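Notes follow the structure.
Number of protein chains: 2
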Amino acid sequence: MEISSSALRLPFLFLLVPLLLFFLLSPWNPLHNLSGGGDSAGRRTQFPPKSLTSISPPPAEPRSPPRRDHNSATARNPLDPLTVGEIHRVRSILSSYQPFLHHFPSIQSMSLDEPDKSRVLGWKSGDPIPPRKAFVIALLDNQSHLLTIDLDSGRVETHEISSGSGYPMLTMEDVVAAVQTAVSYPELEASAAARGLSVANLSCISPSPGWFGPDEEGKRILKVLCFSKQGTPNFYMRPLEGLVMTVDVDRREVLQFSDTGKGIPIPGRANTDYRFRPGNKPPEMERINPISMEQPRGPSFTVTDGHLVKWANWEFHLKPDQRAGLVVSRVVVRDSETGAARSVMYKGFPSELFVPYMDADEGWYFKSYMDAGEFGLGATAMPLVPLNDCPRNAYYMDGIFVSADGQPFVQSNMICLFERYAGDAAWRHSELTVSSGEARAKVTLVARMAASVGNYDYTFDWEFQTDGLIKITVSLSGMLMVKGTVHDNMNQVQNQDEMGPLVSENAIGVVHDHFITFHLDMDVDGPNNTFVKVNLVKEENVEGKTPRKSYLKPKRHVAKTFHVVNPSRRSRLGNPSGYKVVPGGNAASLLDHSDPPQLRSAFTNNQIWVTPYNRSELWAGGLLVYQSHGDDTLDVWSQRNREIEDRDVVLWYTLGFHHVPCQEDFPVMPTVAASFQLKPVNFFERNPILTARPVFEEDLPVCRPSESASII
Amino acid sequence: MEISSSALRLPFLFLLVPLLLFFLLSPWNPLHNLSGGGDSAGRRTQFPPKSLTSISPPPAEPRSPPRRDHNSATARNPLDPLTVGEIHRVRSILSSYQPFLHHFPSIQSMSLDEPDKSRVLGWKSGDPIPPRKAFVIALLDNQSHLLTIDLDSGRVETHEISSGSGYPMLTMEDVVAAVQTAVSYPELEASAAARGLSVANLSCISPSPGWFGPDEEGKRILKVLCFSKQGTPNFYMRPLEGLVMTVDVDRREVLQFSDTGKGIPIPGRANTDYRFRPGNKPPEMERINPISMEQPRGPSFTVTDGHLVKWANWEFHLKPDQRAGLVVSRVVVRDSETGAARSVMYKGFPSELFVPYMDADEGWYFKSYMDAGEFGLGATAMPLVPLNDCPRNAYYMDGIFVSADGQPFVQSNMICLFERYAGDAAWRHSELTVSSGEARAKVTLVARMAASVGNYDYTFDWEFQTDGLIKITVSLSGMLMVKGTVHDNMNQVQNQDEMGPLVSENAIGVVHDHFITFHLDMDVDGPNNTFVKVNLVKEENVEGKTPRKSYLKPKRHVAKTFHVVNPSRRSRLGNPSGYKVVPGGNAASLLDHSDPPQLRSAFTNNQIWVTPYNRSELWAGGLLVYQSHGDDTLDVWSQRNREIEDRDVVLWYTLGFHHVPCQEDFPVMPTVAASFQLKPVNFFERNPILTARPVFEEDLPVCRPSESASII
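Note that the protein sequences, when read in sequence, are chains W and Z. Mapped onto the working numbering, the consecutive letters of the first sequence carry residue numbers 14 to 725. Mapped onto the working numbering, the consecutive letters of the second sequence carry residue numbers 14 to 725.
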């Protein structure tokens, strides 16, 4: 079942099978270009179509830290991701590893096997880094092999074959194989023809099938759905409704072909194209003059050795990850009194992204995606669009990932890092007798990536404030997954509640949810923390004490706050050092706990979980999520009722969105965002930005209109 | 009881009684300067100390619309606030009005009596404006007089004496009278001396007393609390705990003097000063390079006739209001297909701000402020601090308000208006086979004001997005109201739950809430709207239909969304035009419904209310809130169970904050914000910013480091 370019039949090059659900790399055109993203060419050209270097013109002073040469980069920090050289080394070790000698497996995942936490915490800059190891998930003969490889000794240290449910993350090659298998299935031509099309007019995608019982076990399957790409780049808006193919990915076989929608028209192409063309009529609005966040002296942060970010009072390790997307580690903040570096969080990342759709039809019931574990948030992160995804003062970072053949590739401009001034105040007060007003401008640091998991785009922001607060935001945009219908007006629909809302003629925006569960290994002033739930309950007043005496307060109203404190680190005043969760995006899953998608995503049964730190518990849906049965979830681990007081604990927080689509979401959705915050509570002795300097006119840059400013 | 400068005794000029709970005007130093804020001098100097004109240096093109000359300004729009000339005219009419001939009343409130809604809606630019009328609340002999005055005829049209509970909004003169009465009370000297101070060392403030039964009825009372101002401008951090004086404002009499705290030390002054001084040691953080939101071609909005704002696809009337602060009216957005102006909201403003504290002690139980109706959000809005409260590209607007003697005064730089680019995308999508990425930079328009209601600062933002969304944010900063205690470390405290958290030595941060209730007169495509609560309930699957068939879904999980729709305006697809509320800041009041503060603020019993439009129902706590008994609240009106379907309805939304203080809030609080949104749902035929232009490098300004950039 090894995939190679030669295995691909020529016609598909012309068919231009849409590589749904992503990727910059394709097996027939490997772009293994390993220098900076600026040199990437071909399908990875930037938009606006300029070379990347043009987005960082040399100003009076350098704008950004220099980009790395990926080929020569070496790991300098225990947490640095595998380098190009290391990935080659792992591949080489595996190639000569006895069990794989005659058949090289498909590399579903290869990443740094991080050293033990104690070892990382004991490491200081300048120390030699701990032995480098890789963790590989390889697929061979329908078995998932979990291997750890020591790069120094060249030995496979551990090798286990998974016995639980679930398969590893899908590769680009898996997706391509499924689509190719489906589009060459003879019956498809008839389905296309019934709708006035040929197969060459189709774009097909391969969503994951979920898991719904014994029928689907023992083989890797993908569903394939097709769309008309006639006259639009936005094929998502033109489904061949009712057509669904179930494909055995490894056997390259269509297991089931179902087309019940030949009578349902394909929604039209009008107004579906979202690309900018200079001739586009602007919307009915007045022009907006050029506006920009400007820092002519360049950014105030540094990125050392490719991953270590230092800014204002913050320091953290930032790395791209093929599965999690963006990982922040060893987040420390400098104390505002002593200058000492104090730990806040050991590691934070989106652990899983669960997207259940609410439609029971054959082509829809299975849609209950777990995008991080099935497709990879980093794997689907395409280059950020300079000046539009991120401001001009942004610095870009590439990801070095691994394709199914074990070779490294560059995910260019995958992360951007920039300082933000949005016109807000970090604190303020006006007092007549003192001065007419004191305020301090608020500047923050944002680390961002955007995953395009097929139709949907998820932007992840980690925003650091000088007052010690960390704000984590997920923004949704991209395309709806629409369902074809015979109706082109709601007045034709009898029971409107039974059908999702019409977002365009013959196109229903199916109701769905998004749940993003974050792994937050909080280490507030050290690993041993305690999770405290503070209930705000109005107490009953004591009779006779105040004019409010006669009004007893039943404890029916309760508000909760959630803190992570370090019981052994007390402030000057005796308060335990802590951080609290400021919730947001509180949508909860509406599915029953026994519904298979909810069993697999049982980590969304609560919005907040706390577990003792366990090196292996990183993925809320389990290590092997694809087609899993829910036997390795955060919910399962938590049933062990382990001690969490004054221990190294991990906090899990879920941002949720209920999405009832509307016309405004057609043909591309305006961004919707939700956030939660990690806020210091008695962590600092006092307001850490009390002595921050206000901004004066002479501090600001001198800006002039660009000669060619032409916003219309 | 009329107040005049001569009534004030000289010593108080030296005492510099802190005019707590605000105001730019004082009766002995009236700054009736009526030209642009740039000419204000004296106590209203700007910070940084420069003339206002310097914040808008003449660039290559004009940055801002010109400022108005308030003396010559005339009303051009039916909703324009009273002008300087009109205020003089009203005063003149009242002076010759028979009932006031021999005793001119105290003017507690004077504002435009807005024309009937139908009249306003029928008005078009260029039409003569409807007859101008003023609504006055005057206080005379303990009676509240409600008058409407026709400015053209010079007649008092209606005159009613309030028979309900409650008094009108307090004036600066009331506050000064209460403090002066208290500080001249002989026993105060002993209380000061017991703490090693003299009265001259004190700053006293006069919070409102709430209402707690018959003892406090029939007279206007204020509580007076004192603080040491020795060695700090931040006297709030230095309470004389246990000292509370109850003052009859009109009789200028101390009704009750209580000092139970002579043994409680005054918290120290160390680290309480929040003012910037060039010698201040910066916090333990690296310097942040200059950063600015730059628009060298100036703003893209226009402000016509002082109040009519037009930007991108939006148009609205913006005015300062002495009670509500900032009022937006006739909010219309241009249709992205037809260009037609479409109504979204007739009027929106913060109707009340309820702040209950959670401490039953004599000096604390009464603290249950209703800041809008008691003190006025506009009345307490001091000038915004350029470059720190608002960015350099901001335009400022003054308020023209009325003092107790019926004279106009200028609340300068009270509102700022600016375009924001925070580095985010308005929408994005990446699709490998189409292009490597499309994204559109998100630019918004923000209208902002900040009220400093004594210790607390509330910033109100109305943010308009080109996709039709309106985001309303309230940000809290300023000072805690702290409680003195004998303890300087938590380890001395037996029952820590009984006491609020120690935020500094001998200073407890008392737990409290903030509830801001907005009046939102939604007119989505016209006045007649219907409020729709959409319940998302997972339906039970039909047996045999899908692999999820065997998993019945009990309806135990329900999510709700709240929409205002226009049932008679249907989209092309037959969906009703609508806006939905995207909730945020969901804290609910913990008080019992029968507790007097909650009776008075019963509008916080629900987070969302809908009422039929009623011209007189503007103030959620009632027209006369101060010392009211809760007989005129939104809750009371709603008990009439009026029809709200397909009617002109008003939506009321409450943002809530539970505030458990922490060390970081000392001595000034880092900003905490919460938002809710009004989001178009099937209002536009499709994404209204589909054809928005991306930003290209050549669109942006050319910026250079300022010669003197010196941020440290």
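The beta carbon of each residue, even a glycine, is placed where N, CA and C say it ideally should be. Keep in mind that this is a model prediction, so the values were computed, not measured.
Name, please, each residue of chain W whose Cβ falls closer than 8 Å to the Cβ of Phe-679/Z. In the second sequence, counting from the first residue as 1, residue 679/Z sits at position 666. Simply Arg-699, Asn-700.
What does Gly-311/W touch in chain Z if you count any residue whose Cβ is under 8 Å from its own?
One-based indexing of the first sequence puts residue 311/W at position 298. Residues of chain Z passing the Cβ test: Asn-302.
Cα-Cα separation between Val-694/W and Ile-657/Z, rounded to whole angstroms | Counting from one through the first sequence, the residue named residue 694/W turns up at place 681. Counting from one through the second sequence, the residue named residue 657/Z turns up at place 644. The straight-line gap from Cα to Cα measures roughly 44 Å.
By the DSSP assignment, the beta strand (DSSP E) with Ser-688/Z in it spans what residues? Numbered from 1 along the second sequence, position 675 holds the residue referred to as residue 688/Z. Element bounds for Ser-688/Z: 682-694.
Query raised in the report: Beta carbon of Ser-602/W, beta carbon of Trp-224/W: below 8 Å?
Result: Here the question's residue 602/W lines up with position 589 in the first sequence. Here the question's residue 224/W lines up with position 211 in the first sequence. Not closer than 8 Å, so no.
**Report entry** CB-CB length for Ala-325/Z against Thr-486/Z, believed under 8 Å
**Finding:** In the second sequence, residue 325/Z corresponds to position 312, counting from 1. In the second sequence, residue 486/Z corresponds to position 473, counting from 1. Actually they are not in contact, since the Cβ atoms of Ala-325/Z and Thr-486/Z sit about 19 Å apart, beyond 8 Å.
query = Taking the Cβ atom as the reference point for each residue, do Ala-385/W and Phe-414/W lie within a distance shorter than 8 Å?
reply = Working through the first sequence from its first residue, we reach residue 385/W at position 372. Working through the first sequence from its first residue, we reach residue 414/W at position 401. Cβ distance not < 8 Å, so Ala-385/W and Phe-414/W don't count as in contact.
I believe Ile-702/Z touches Ala-439/Z by the beta-carbon criterion, under 8 Å. Please report the beta-carbon distance rounded to the nearest angstrom. As a working note, residue 702/Z is residue 689 in the second sequence. As a working note, residue 439/Z is residue 426 in the second sequence. That pair is a contact at about 6 Å.
Next on the checklist: Only counting the same chain, and skipping five residues up and downstream in sequence, which positions put a Cβ closer than 6 Å to that of His-672/W?
Outcome noted: Position 659 of the first sequence holds residue 672/W. Only His-525 meet the Cβ criterion.
* Given Leu-612/Z as reference, the closest of Lys-146/Z, Gly-226/Z, Val-103/Z, Met-185/Z once Cα atoms are compared -> In the second sequence, counting from the first residue as 1, residue 612/Z sits at position 599. Comparing Cα-Cα distances from Leu-612/Z to each of Lys-146/Z, Gly-226/Z, Val-103/Z, Met-185/Z, the minimum goes to Gly-226/Z.
Report task. Please list, in chain order, all residues of the same chain as Phe-117/W whose beta carbon is under 6 Å from its beta carbon, the five residues on each side excluded. Result -> For the purposes of this step, residue 117/W is identified with residue 104 of the first sequence, where counting begins at 1. Around Phe-117/W: no qualifying Cβ.
How should Ile-68/W be labelled, buried or exposed, when 16 other C-beta atoms within 10 angstroms of its C-beta is the threshold for buried? In the first sequence, counting from the first residue as 1, residue 68/W sits at position 55. At Ile-68/W, the pLDDT of 28 sits below 50, so the modelled position is not reliable; the number obtained from the coordinates is stated separately. By the neighbour-count rule (16 or more Cβ atoms within 10 Å), Ile-68/W is buried.
| So Trp-440/W is in the beta strand (DSSP E); what residue range does that whole segment cover? | Mapped onto the first sequence, residue 440/W falls at position 427. Where Trp-440/W is concerned, the enclosing beta strand (DSSP E) stretches over 421-444.
Original post:
When the cut-off is 8 Å and only beta carbons count, does His-671/Z lie next to chain W?
Top reply: On the second sequence, residue 671/Z is found 658 positions in, with the first residue counted as 1. His-671/Z counts as touching chain W.
Whole-Å CB distance - Tyr-408/W paired with Phe-431/W, under 8 Å assumed: Along the first sequence, read from residue 1 onward, the residue named residue 408/W stands at position 395. Along the first sequence, read from residue 1 onward, the residue named residue 431/W stands at position 418. Contact holds; Cβ gap of about 7 Å.
Along chain W, which residues have their Cβ under 7 Å away from the Cβ of Met-298/Z? Counted from its first residue, the second sequence places residue 298/Z at position 285. Neighbours of Met-298/Z on chain W, chain order: Ala-325, Asn-326, Arg-347, Thr-479.
Review point. If we ignore side chains and look at the alpha-carbon of each, how far apart do Pro-94/W and Gln-193/W end up?
Key: The sequence position of residue 94/W within the first sequence is 81, counting from 1. The sequence position of residue 193/W within the first sequence is 180, counting from 1. Cα to Cα, the separation comes out at about 33 Å.
Discussion item. I'd like to know if the segment 494-513 of chain W and the segment 329-342 of chain W are in contact, where contact means that at least 3 CB-CB pairs between them fall below 8 Å.
Written reply: no
Short Cβ contact (8 Å threshold) for Leu-586/W with Gln-676/Z: Residue numbering aside, residue 586/W sits at position 573 when the first sequence is read from its first letter. Residue numbering aside, residue 676/Z sits at position 663 when the second sequence is read from its first letter. Yes, they are a contact pair.
### Query
Do you know offhand how far Asp-536/Z's Cα is from Val-577/Z's?
Stepping through the second sequence from its first residue, residue 536/Z is reached at position 523. Stepping through the second sequence from its first residue, residue 577/Z is reached at position 564. Cα-Cα distance, rounded: 9 Å.
| message | Assuming contact is defined by CB atoms lying nearer than 8 Å, are Asn-406/Z and Pro-312/Z in contact in what I supplied? | response | Sequence index remark: in the second sequence, residue 406/Z carries index 393 (1-based). Sequence index remark: in the second sequence, residue 312/Z carries index 299 (1-based). A contact, by the Cβ cut-off of 8 Å.
- Reference Gln-156/W, options Asp-645/W, Leu-647/W, Asp-712/W, Leu-637/W, closest by Cα: The count along the first sequence starts at 1 and reaches residue 156/W at position 143. Taking only the C-alpha atoms, the option nearest Gln-156/W is Leu-637/W.
- Query: Roughly how many whole angstroms lie between the Cα atoms of Pro-278/W and Glu-518/W?
  - Reply: Looking up residue 278/W in the first sequence gives position 265. Looking up residue 518/W in the first sequence gives position 505. Each residue's Cα considered, the two are about 10 Å apart.
* **Partner residues on chain W for Cys-675/Z, Cβ-Cβ distance less than 7 Å** => Here residue 675/Z refers to the residue found at position 662 when the second sequence is read from its first residue. Chain W residues near Cys-675/Z: Val-694, Asn-695.
In terms of residues, what are the limits of the alpha helix (DSSP H) holding Ala-206/Z? Within the second sequence, numbered from 1, the residue matching residue 206/Z stands at position 193. That run of the alpha helix (DSSP H) goes 200-207.
### Query
Could you give the distance in angstroms between the alpha-carbon of Gly-179/W and the alpha-carbon of Asp-645/W?
Against the first sequence, residue 179/W aligns to sequence position 166. Against the first sequence, residue 645/W aligns to sequence position 632. When rounded, the distance between both Cα atoms is 9 Å.
Notebook entry, point to check: Do the segment 197-209 of chain W and the segment 269-277 of chain W touch if we need at least three Cβ pairs shorter than 8 Å?
Noted result: yes
Quiz prompt | In DSSP terms, what Ala-147/W is bridged to | solution = Here residue 147/W corresponds to residue number 134 of the first sequence, with the count starting at 1. Its beta-bridge partners are Leu-125/W, Ile-162/W.
In this structure, what does DSSP give as the bridge partners for Glu-476/Z?
Here residue 476/Z refers to the residue found at position 463 of the second sequence. Val-459/Z, Lys-484/Z.
Would you kindly report the start and end of the unbroken alpha helix (DSSP H) that includes Val-188/Z? Working through the second sequence from its first residue, we reach residue 188/Z at position 175. Unbroken alpha helix (DSSP H) run through Val-188/Z: 185-196.
What do you get for Leu-713/Z, buried or exposed, if any count of 16 or more other CB atoms within 10 angstroms of its CB means buried? What you label residue 713/Z is simply residue 700 of the second sequence in a count that begins at 1. Leu-713/Z should be labelled buried.
Exercise. Could you spell out the range, first to last residue, of the beta strand (DSSP E) harbouring Glu-170/W?
Key: Start at 1 with the first residue of the first sequence, and residue 170/W comes out as number 157. That run of the beta strand (DSSP E) goes 168-174.
- Tell me whether Gly-55/Z sits in a helix, a strand or coil according to DSSP, three-state version. Within the second sequence, the letter at position 42 stands for residue 55/Z. Because the pLDDT at Gly-55/Z is just 26, under 50, the model does not fix this residue reliably, and the value given afterwards should be weighed accordingly. Residue state, collapsed to three classes: helix.
Quiz item: Which residues of chain W have a Cβ atom closer than 9 Å to the Cβ of Glu-307/Z, listed in chain order?
Solution: The residue given as residue 307/Z occupies position 294 in the second sequence. Result: Pro-303, Ile-304, Ser-305, Met-306, Glu-307, Leu-713, Pro-714, Cys-716.
Review point. Going along the chain, which unbroken runs of the alpha helix (DSSP H) with 4 or more residues stay wholly within the segment 374-407 of chain Z?
Key: 384-387
Taking Cβ-Cβ distances below 8 Å as the criterion, which residues of the segment 249-280 of chain Z are in contact with chain W? none
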